[in-house]
Amino acid sequence: MNYVIRLSDGTNFDEISLGGKAKNLSNLINIGMNVPSGFCLTSEAFLAHCETNGIKKLYEEFLSLESHNPQRIKILAIIRKTMLTSEMNPTFENAIRQAWEKIDLSPIAVRSSCVGEDSYDKSYAGIFSSYLHITTLQGLLQAIRNVWKSVFSEQAIYYRQEDSFPRMAVVIQEMIEGEYSGVLFSQNPISPELNTMVMEGSRESRAIVDGFDPDIRFELSRSEDIENEYSLISPFKSLFKTARNLEGLLGYPIDMEWAIRGDDTYILQVRPLRMEEKDSYSGNMKFCSLDDRASSEKLDLKRHGYEEFWIRFINKKYWIRKKAREIGAHHYAEFFIKFTPEQIVEANENLKAIELDSEYLVLRSPGMKFPQKYYHRNTFIDAMRQIINENPNQSEYLIQVGEFIPVEIAGFSTQLHDGSIYIEYAPGLPSGINTSEFSPSQIIVDRLGTVVHEEMKSFPEIYIFDEAEMEKVKVSNPTNQPCVLDSSLITEIINATLEYSKSLQEPRLEWYFYKNKFYIKDLSMENNPVHFSSNLGLIMSAGFAEGNILLLNETDIDFLDELGENLNVSVISRSEKEDEFTIEEHDHKNHDVINRLSEVSSVIVVATRPSTGFVPFLDNIKGFIFNQGSLLSHLGIVLREKRIPALISKEATQIYRNGEFVSFSSETGITKY
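Just so you know, the sequence shown maps onto residues 2 to 674 in this note's numbering.
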């Protein structure tokens with residue numbers, strides 16, 4: 002079987018083996034187009050690799066689950082990790098090496114070639130990964146794994162919407178470092194009625210895949226005599242003529258990527274031009290509940306900046322909300338509103354008429370500059386007016402609005418390895434537990450509801466929603482009494498945790514109570530069980546670690562909280578981008594805490610409490626010991642996923658000294674040397 006095929010020989014093979022992009026390039030070579038030389042790793046190699054490494058079996062498990070079940074997200078993450086870490090078949094590797102050495106290409110571009118890619122029905126533009134400027138064989142092999150991995154991103158799965166196992170070939174081509182590169186549309190993609198061709202180009206070869214502000218732009222009438230167009234230099238005239246000829250040969254308008262190097266003009270890619278389509282509700286004011294998935298997807302989420310938001314976040318919420326209704330729990334309302342400037346009064350009246358549990362709303366608009374903000378329902382029209390004022394050139398607007406519940410009691414729950422239910426909770430909003438600023442009250446109950454462990458806490462401060470300022474604030478707790486869950490509330494928490502556990506591995510449920518109603522807010526999924534020990538302290542993440550102590554104080558943790566918030570570190574709804582953060586653009590990138598955490602290696606951090614701001618530095622940290630914190634905090638999820646051990650031990654910052662060497666485990670506790 003041929004696993005590696007030269008592009009110049011590709012006309013002898015079908016699209017099933019080569020994928021859409023490689024097959025198109027082979028056809029261009031066959032009709033005499035100047036295409037960068039290269040070869041294709043066939044989809045048969047991809048299928049064989051998936052079969053050998055258990056990926057096909059994992060994907061079958063993925064397909065067996067109900068659509069939108071969050072467990073699917075975990076399976077895709079396991080598949081992607083397996084794809085990156087599994088050994089490549091020596092037969093493939095040798096074939097790639099021989100092709101690499103024979104053609105002698107460097108640097109190279111490595112791009113996807115999925116079956117159906119660059120077709121008239123689907124372009125898959127931007128869905129799969131591409132890698133440029135590869136100069137080594139090992140770099141090439143890793144790029145191939147990354148292209149294969151991108152087949153199993155949530156965005157790619159959502160875009161395919163097929164149940165069959167995917168096929169992916171990979172194109173390996175000479176990297177053209179051109180003086181100019183860009184795109185040419187044989188028909189105006191925005192205004193086809195103008196009957197023009199449009200070319201945009203840049204002096205940066207990377208710009209083709211990165212997006213760019215063009216250095217040059219030409220727009221010509223499709224009927225114009227290109228030879229007599231004196232504003233065009235010769236290479237650009239050639240591009241327009243090539244595009245016109247290819248459109249005639251293919252029978253449809255095209256989107257053509259090109260590069261110019263010296264006297265040579267290269268065609269990098271040609272695909273059918275897909276015109277921008279208006280959504281199904283264009284021009285009409287529309288409300289769509291997020292529970293009505295079919296109607297929401299007709300709103301052209303991509304054009305309004307919501308597609309990634311939908312795929313990574315709301316699509317999972319759809320399943321959580323559906324499950325909540327099935328078990329009799331509540332969930333805050335969420336919906337899209339689409340309107341034109343003339344329709345804001347009508348939209349506002351419709352909003353007022355919706356039956357909600359709360360009068361407060363939160364606005365999320367990722368496609369605009371307008372930030373997330375809280376509003377009373379009666380004043381929400383001001384938000385719509387501000388959106389229009391800040392984006393005056395749009396003809397219509399799409400916003401996502403959520404009901405905000407001013408929580409009375411909030412908490413988390415999960416099923417422990419012995420089947421009992423572990424519950425953490427505190428009065429007010431969950432902010433203090435999320436960051437481990439507050440040490441929550443804890444209850445462990447068996448399946449029958451019998452309490453087997455209980456530790457009640459007082460809360461001198463709590464987080465509430467300030468209705469006058471329309472924001473979350475920390476205030477003194479007027480009662481400062483332990484917060485008590487009565488038996489009926491505990492029963493609802495137990496039942497919900499068990500029901501979600503039937504469908505998911507180790508779910509961590511986030512819930513709250515408001516006006517005697519039990520709400521499911523969100524959940525995360527874990528592959529590693531939560532442990533509880535009252536003898537050694539609380540085990541946030543099991544395992545063994547040893548190293549020198551790095552001692553951090555409360556001021557350091559406050560800064561890390563700010564860092565985590567600025568980097569938007571959130572793990573309760575983790576999905577495709579699993580905690581890949583950068584601090585390069587942060588205002589305080591040279592702060593002392595960042596410097597200390599960036600420069601160390603193999604340390605045990607001892608701190609007052611957990612913080613999501615630790616996440617960017619976890620590669621440098623072997624373990625954690627905290628004075629207080631929540632086992633189910635956001636950081637706890639990441640530590641269990643990454644197998645980094647962590648304990649909660651009272652007064653740890655007073656017991657241990659900076660630089661001391663310690664070892665600890667979830668089995669034996671902490672040892673100083």
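Every residue, glycine too, gets a C-beta built ideally from N, C-alpha and C.
Note that the coordinates shown come from a computational prediction; the quantities given were computed from them, not determined experimentally.
Close beta carbons around residue i, own chain, < 7 Å, minus the five adjacent residues each side
{"i": "Ser187", "result": "Met198, Ala244, Arg245, Glu248, Pro254, Ile255 and Leu274"}
{"i": "Lys651", "result": "Asn628"}
{"i": "Asn54", "result": "Thr83 and Ser87"}
{"i": "Tyr675", "result": "In this structure the chain extends from 2 to 674, so residue 675 is not present and cannot be described."}
{"i": "Ala330", "result": "Ala497, Phe519, Tyr520 and Ile521"}
{"i": "Phe14", "result": "Ile6"}
{"i": "Val271", "result": "Asn25, Leu29, Leu247, Ile255 and Met257"}
{"i": "Lys57", "result": "Cys51 and Phe166"}
Enclosing alpha helix (DSSP H) for residue i [first to last residue]
{"i": "Glu350", "result": "Ile345 to Ala354"}
{"i": "Ile410", "result": "First-last for Ile410: Ile410 to Gln416, but that is the beta strand (DSSP E), not the alpha helix (DSSP H)."}
{"i": "Phe439", "result": "Phe439 -> no alpha helix (DSSP H), and no H or E assigned at all."}
{"i": "Arg641", "result": "His635 to Lys643"}
{"i": "Arg170", "result": "With the sequence shown as reference, residue 170 is identified as Ala, and Arg is not the correct amino acid for it. Counting along the chain, Ala170 falls outside any alpha helix (DSSP H), though it belongs to the beta strand (DSSP E) covering Met169 to Glu175."}
{"i": "Met541", "result": "Met541 -> not in any alpha helix (DSSP H); beta strand (DSSP E) instead, spanning Leu539 to Ser542."}
{"i": "Ile558", "result": "Glu555 to Asn567"}
Beta carbon of residue i nearer than 8 Å to that of residue j
{"i": "Ser442", "j": "Pro483", "result": "yes"}
{"i": "Glu335", "j": "Gly252", "result": "no"}
{"i": "Arg386", "j": "Ile338", "result": "no"}
{"i": "Trp320", "j": "Asn70", "result": "yes"}
{"i": "Leu551", "j": "Val606", "result": "yes"}
{"i": "Phe381", "j": "Leu357", "result": "no"}
{"i": "Gly39", "j": "Glu175", "result": "yes"}
{"i": "Val594", "j": "Leu561", "result": "yes"}
{"i": "Arg378", "j": "Glu360", "result": "yes"}
{"i": "Val171", "j": "Glu258", "result": "no"}
{"i": "Ile158", "j": "Leu250", "result": "no"}
{"i": "Pro37", "j": "Leu240", "result": "no"}
{"i": "Glu527", "j": "Ile638", "result": "yes"}
{"i": "Phe533", "j": "Ile445", "result": "yes"}
{"i": "Ile622", "j": "Ala653", "result": "no"}
{"i": "Lys473", "j": "Leu430", "result": "yes"}
{"i": "Val453", "j": "Ser488", "result": "no"}
Own chain, CB closer than 8 Å to residue i, minus 5 neighbours either side, in chain order
{"i": "Glu180", "result": "Arg204, Ile261, Arg262 and Gly263"}
{"i": "Ala427", "result": "Ile410, Ala411, Gly412, Gly433, Ile434, Phe439, Pro441, Ser442, Lys458, Phe460, Ile463 and Cys484"}
{"i": "Lys324", "result": "Glu500, Tyr501, Ser504 and Ile521"}
{"i": "Leu524", "result": "Pro71, Ile321, Tyr501, Leu505, Pro508, Arg509, Leu510, Glu511 and Ile573"}
{"i": "Phe662", "result": "Glu547, Gly548, Asn549, Ile550, Lys673 and Tyr674"}
{"i": "Val148", "result": "Val111, Arg112, Ser113, Phe129, Ser130, Ser131, Tyr132, Met169 and Val171"}
Identified DSSP bridge partners for residue i
{"i": "Gln401", "result": "Phe337 and Arg365"}
{"i": "Ser222", "result": "Thr197"}
{"i": "His377", "result": "Tyr361"}
{"i": "Asp264", "result": "Note: Asp264 sits in no beta bridge, so no partner."}
{"i": "Val679", "result": "Because residue 679 is not part of the residues shown, which for the chain are 2 to 674, the question remains open."}
{"i": "Phe288", "result": "Ile338"}
{"i": "Met526", "result": "Pro508"}
{"i": "Gly548", "result": "Val663"}
Contacts around residue i, its chain only, beta-carbon distance under 6 Å, and the 5 residues preceding and following it disregarded
{"i": "Ser27", "result": "Leu8, Gly11 and Thr12"}
{"i": "Gly630", "result": "Ser437, Arg610, Pro611 and Ile649"}
{"i": "Pro646", "result": "Ser542, Gly544, Ala546 and Gly624"}
{"i": "Ser664", "result": "Glu547 and Thr672"}
{"i": "Lys578", "result": "The pLDDT assigned to Lys578 is 46, lower than 50, so where the model puts this residue is not dependable; a value taken from the coordinates is nonetheless given after this. Nothing listed; no residue qualifies."}
{"i": "Tyr657", "result": "Ile550 and Val607"}
{"i": "Ser666", "result": "Phe545"}
{"i": "Ser290", "result": "Phe336"}
{"i": "Lys75", "result": "Met526"}
N-terminal and C-terminal residue of the beta strand (DSSP E) that residue i is part of
{"i": "Lys475", "result": "Glu472 to Ser477"}
{"i": "Thr672", "result": "Gly670 to Lys673"}
{"i": "Tyr515", "result": "Pro508 to Tyr515"}
{"i": "Ala608", "result": "Val604 to Ala608"}
{"i": "Tyr423", "result": "Ile422 to Pro428"}
{"i": "His332", "result": "Unbroken run through His332: none, as it is neither H nor E."}
{"i": "Cys41", "result": "Gly39 to Leu42"}
{"i": "Gly183", "result": "Tyr181 to Phe186"}
{"i": "Phe166", "result": "Where Phe166 is concerned, there is no enclosing beta strand (DSSP E), given that its DSSP letter is neither H nor E."}
Exercise. Mind the definition here: the region 402-416 touches the region 512-521 only if three or more C-beta pairs lie below 8 Å; say whether that holds.
Key: The region 402-416, when compared against the region 512-521, does touch it at the 8 Å Cβ threshold.
Exercise. Evaluate contact between the region 14-23 and the region 43-53, counting only Cβ atoms and requiring at least three cross-stretch pairs below 8 Å.
Key: yes
Quiz item: Does the region 86-95 come close enough to the region 164-183 that 3 or more CB-CB pairs lie under 8 Å?
Solution: no
Practice problem: Take every Cβ of the region 74-86, pair it with every Cβ of the region 144-164, and state whether three or more of those distances are shorter than 8 Å. | Solution: yes
Exercise. Determine contact between the region 109-116 and the region 131-144, defined as no fewer than three beta-carbon pairs at a distance below 8 Å.
Key: yes
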